[in-house]
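Undergrad: In my numbering, the protein residues as written are 753 to 1050. We put the beta carbon where it would ideally sit given N, CA and C, even for glycine. The structure is given below, and queries will be raised subsequently.
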DNA sequence: TTCCAGGGGTAGA
DNA sequence: TCTACCCATGGA
């Protein structure tokens, strides 16, 4: 079985990155908490389907075992290296984030833990679909919607499926898609997104362009049906932009209970004012507040 | 039954 | 800008 080793930046912590939000529980990801392993079924550009098994060695390096292929071509190895670096945000510099937090005792736990990297998907399409599946539902149902959707992707011989490409979703009649995924009214948004990608009306991967202003990007995301303030803010986070918030019911609850220390409902404006001093990092600080009670235990 | 979840679209002020 | 109402789905 081919094994690839990736060097990591100083102070990189694998597990806090893997469990940085719920994505590690959404197929084609999977994880083994006790063994601290992240799995992913991935379809490569040449169509072959592999199962990636990622873990961190004692040296700090990330090891990617590739199941499903006896050997890797240079192109395959390069692709897997790029995917692993992308999903773990290995190239993101968090130094300025940690420096920003140093004046705030509430966030003193974050830097020693090496938290702040969010696990993302190799494609923005996949992150967009999963974000859509987090809207107006409970996490358990988000998982179930993803599980059903992923069975539409190409199967991995050892079990599981790759994430289905937009072409696969766009080709399905919307009613069939909803009958399979049971995403309710979100199914129509999912189908429309897939169709717009296939018809080249939107180019999600173009969103990676660092020259794009966040405000412009935010508007583009919100122009998609089903993507409002929360979903657009969440997508910006996954794209590595944290200068906007993504205020959902969890964030409101954490702010109300843990920061504001009261039981009264709080207007989003007050939440925004609280995070404003964190500037370009406010969205990440907000998510760290949600994850604190969990991340501190890992 | 009713409420609501890691909300969002639309219409009407 | 804001509010009211609707939107499938399934668990509590």
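With DSSP as the reference, label residue 1021 as helix, strand or coil.
TA: In the structure shown, residue 1021 sits in a helix (DSSP, three-state: H, G or I).
Undergrad: Return the Cβ separation of residue 726 and residue 791 in integer angstroms, given the expectation that the two are a contact with Cβ distance under 8 Å.
TA: Past the boundaries of the shown model lies residue 726; the chain is included only from 753 to 1050, so the question cannot be answered.
Undergrad: For a test of the three-state rule: what should DSSP assign to residue 923, helix, strand or coil?
TA: Of the three classes helix, strand and coil, the one that applies to residue 923 here is coil, per DSSP.
Undergrad: Grouping DSSP H, G and I as helix and E and B as strand, with all else coil, what is residue 1048?
TA: Note: residue 1048 maps to coil in three-state DSSP.
Undergrad: How close, in whole Å, do the beta carbons of residue 828 and residue 914 come, if the pair is a contact with beta carbons under 8 Å?
TA: No, residue 828 and residue 914 are not in contact; Cβ-Cβ is about 15 Å, not under 8 Å.
Undergrad: With 16 other CB atoms within 10 Å as the buried threshold, where does residue 847 fall?
TA: Exposed, since its Cβ has fewer than 16 Cβ neighbours within 10 Å.
Undergrad: Residue 837 by DSSP, collapsed to three states: which one?
TA: Of the three classes helix, strand and coil, the one that applies to residue 837 here is helix, per DSSP.
Undergrad: For the beta strand (DSSP E) that contains residue 807, what are its first and last residues?
TA: That run of the beta strand (DSSP E) goes 801 to 808.
Undergrad: In chain order, which beta strand (DSSP E) runs of at least 3 residues are fully inside the region 761 to 801?
TA: Correct list: 781 to 784 and 789 to 795.
Undergrad: Could you please give me the residues that DSSP links to residue 756 through a beta bridge?
TA: The partner list for residue 756 (beta bridge, DSSP) reads 816.
Undergrad: Would you mind sorting residue 878 into buried or exposed? The rule is 16 or more other CB atoms within 10 Å of its CB.
TA: The residue in question, residue 878, is buried, as its Cβ has 16 or more Cβ neighbours within 10 Å.
Undergrad: Under a Cβ-count criterion, where at least 16 other Cβ atoms within 10 Å of its own Cβ denotes burial, should residue 998 be classed as buried or exposed?
TA: It is buried - the Cβ of residue 998 has at least 16 other Cβ atoms within 10 Å.
Undergrad: Closer than 7 Å by C-beta to residue 935: which residues in its own chain qualify, once you throw out the five before and the five after it? Chain order, please.
TA: For residue 935, where only same-chain residues beyond five positions count, the Cβ hits under 7 Å are 885, 897 and 942.
Undergrad: Can you list, in chain order, the residues of its chain whose CB lies under 7 Å from that of residue 980, leaving out five sequence neighbours each side?
TA: Correct list, in chain order: 974.
Undergrad: For the region 955 to 993, which segments carrying the beta strand (DSSP E) assignment without a break, of at least 3 residues, lie completely within its bounds, in sequence order?
TA: Whole beta strand (DSSP E) segments, 3+ residues: zero.
Undergrad: If the criterion is Cβ atoms closer than 8 Å, does the pair residue 773 and residue 870 meet it?
TA: Yes; because the gap between Cβ atoms is below 8 Å, this pair is in contact.
Undergrad: Helix or strand or just coil, what does DSSP make of residue 943?
TA: Looking at residue 943 - three-state DSSP - the assignment turns out to be helix.
Undergrad: Pick helix, strand or coil for residue 856, following the three-state DSSP scheme.
TA: The answer is coil: DSSP assigns residue 856 none of H, G, I, E or B.
Undergrad: Considering only their Cβ atoms, is the gap separating residue 775 from residue 882 smaller than 8 Å?
TA: Cβ atoms of residue 882 and residue 775: closer than 8 Å.
Undergrad: Cβ atoms of residue 1048 and residue 891: under 8 Å apart, would you say?
TA: Cβ distance not < 8 Å, so residue 891 and residue 1048 don't count as in contact.
Undergrad: If you count every other CB in all the chains shown that lies within 10 Å of the CB of residue 909, and 16 or more means buried, which is it?
TA: That one is exposed.
Undergrad: Express the C-alpha separation of residue 833 and residue 758 in angstroms, rounding to a whole number.
TA: Going by the C-alpha atoms only, they are around 7 Å apart.
Undergrad: Between residue 1019 and residue 770, what straight-line distance do the alpha-carbon atoms span, to the nearest angstrom?
TA: The alpha-carbon atoms of residue 1019 and residue 770 are separated by roughly 32 Å.
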